[in-house]
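Presented below is the structure to which this report refers.
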């Protein structure tokens with residue numbers, strides 16, 4: 001068999017199966033970078049090429065997707081076998097555009113007059129020959145021509161889903177959407193501004209600068225080991241806050257180095273008292289919130305009082321802090 005690649009020769013093909021589509025064993029010689037020819041064999045599955053489309057509505061900020069059973073996913077870590085996808089189909093001696101317009105009406109019930117091609121890609125080039133053509137198109141209620149759901153003769157049982165765009169994007173993060181072509185088209189829509197990521201009613205989630213306020217000396221009798229236990233406890237809380245997507249801070253992180261540099265010789269001396277609590281109070285000006293943790297502490301309670309007066313957020317439990325990361 002002739003080839004267009006000078007590094008490939010002696011290509012032979014053996015059909016292993018043509019029960020559904022065509023599975024071949026392809027044997028060939030490949031010239032490596034050092035000039036040596038190496039015999040290789042690969043299995044190649046030819047199921048033709050395909051097309052897929054994302055339907056979107058700018059006014060309602062919604063997209064139309066489908067949900068159906070996919071046996072290969074059922075055999076590989078998908079307990080139900082159900083996948084949420086963009087409408088798609090194989091090219092059956094049709095042009096890609098004509099195919100996707102037909103498939104859209106069959107699967108979703110929307111009759112499209114025009115579509116926009118945004119690219120094409122090999123989806124699994126290690127073993128499958130298929131090239132998928134990607135499209136987007138706007139839809140509205142006037143385009144509905146039927147219920148969709150696919151064709152009985154093709155044993156299609158397709159559920160049509162209309163979802164808010166921001167929800168569809170979130171479903172990628174949660175793993176509810178795991179189909180590659182669907183992820184690509186949803187992210188294309190976000191990247192190119194076809195739709196907005198955030199729902200109008202969705203509160204903006206931002207990273208907070210949170211002061212952890214808890215007992216330092218209180219209840220320790222100025223025992224260094226007990227004081228260290230208090231600091232370790234607050235540091236662990238701070239780590240949890242950081243891993244939730246926020247920026248934690250302890251007053252001790254600032255105050256103790258300053259106190260040592262200022263020449264304090266013992267806990268509670270004049271230099272210590274001049275800096276310790278006032279520096280934490282000053283720090284509140286640069287924070288968004290205070291988290292009160294641990295047992296009784298006059299100093300920690302004073303920080304909460306000051307924070308309330310300054311209109312800062314107050315959290316009594318770390319569980320109440322919204323998680324940006326999980």
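In the UniProt record's numbering, the protein residues as written are 1 to 326. Note that beta-carbon positions come from the ideal geometry of N, C-alpha and C, so glycine has one too. Everything numeric in this text was worked out from a predicted model, so none of it was measured.
Within 10 angstroms of the beta-carbon of residue 127 lie fewer than 16 other beta-carbons, which makes it exposed.
According to the DSSP secondary-structure assignment, residue 46 is paired through a beta bridge with 22. In this structure the stretch 168-175 does not lie against the stretch 94-105, because fewer than three pairs of beta carbons, one per stretch, are closer than 8 Å. Among the bridge pairs identified by DSSP, residue 314 is matched with 290.
For residue 188, the enclosing alpha helix (DSSP H) has its first and last residue at 180-191.
Residue environment for residue 76: exposed (fewer than 16 other C-beta atoms within 10 angstroms of its C-beta).
When Cβ pairs closer than 8 Å are counted between the two stretches, the stretch 127-143 is seen to touch the stretch 53-71, the count reaching three or more. At the C-beta level, residue 234 and residue 212 come within 7 Å of one another. One Cα belongs to residue 317, the other to residue 210, and the distance between them is close to 12 Å.
Taking residue 41 as reference, the option from 11, 191, 80 with the minimal CA-CA separation is 11.
When the five nearest sequence neighbours on each side are left out, the beta carbons in the same chain lying within less than 8 Å of the beta carbon of residue 197 are those of 165, 166, 169, 190, in order along the chain. For residue 247, the enclosing beta strand (DSSP E) covers residues 247-250. Scanning 129, 217, 104, 321 for the CA closest to the CA of residue 207 turns up 321.
In its chain, beyond the 5 residues on either side, 158 have a beta carbon closer than 6 Å to the beta carbon of residue 68. In its chain, beyond the 5 residues on either side, 23 have a beta carbon closer than 7 Å to the beta carbon of residue 17.
Under DSSP, the beta-bridge partners assigned to residue 57 are 62.
Residue 82 is positioned such that its CB atom lies no closer than 7 Å to that of residue 111. Counting C-beta atoms within 10 angstroms of its own C-beta, residue 192 has fewer than 16 neighbours from the protein chains shown and is therefore classed as exposed.
A straight line joining the alpha-carbon of residue 89 with that of residue 179 spans about 14 Å. Leaving aside the five residues that flank residue 264 on each side, the residues in its chain whose CB is nearer than 7 Å to its CB run, in chain order, 271, 272.
Of 104, 59, 129, 62, the smallest CA-CA separation from residue 25 is found for 129. By the Cβ criterion, the stretch 214-233 is not in contact with the stretch 117-127, since fewer than three pairs of Cβ atoms, one from each stretch, lie closer than 8 Å.
Here the alpha carbons of residue 284 and residue 303 stand approximately 8 Å from one another.
Under the criterion of beta carbons closer than 8 Å, residue 7 and residue 30 qualify as touching, at roughly 6 Å. In this structure, residue 194 sits away from residue 63, with a CB-CB distance that is not shorter than 7 Å.
Just measuring C-alpha positions, the residue of 117, 295, 229 sitting nearest residue 185 is 117. Nearest to residue 133 by C-alpha distance, out of 101, 238, 66, is 101. Straight-line spacing of the CA atoms in residue 231 and residue 238 works out to 10 Å. Non-local beta-carbon contacts of residue 258 in its own chain, meaning distances under 6 Å to residues more than five positions away in sequence, involve 275 in chain order. Here the C-alpha atom of residue 226 lies approximately 14 Å from the C-alpha atom of residue 297.
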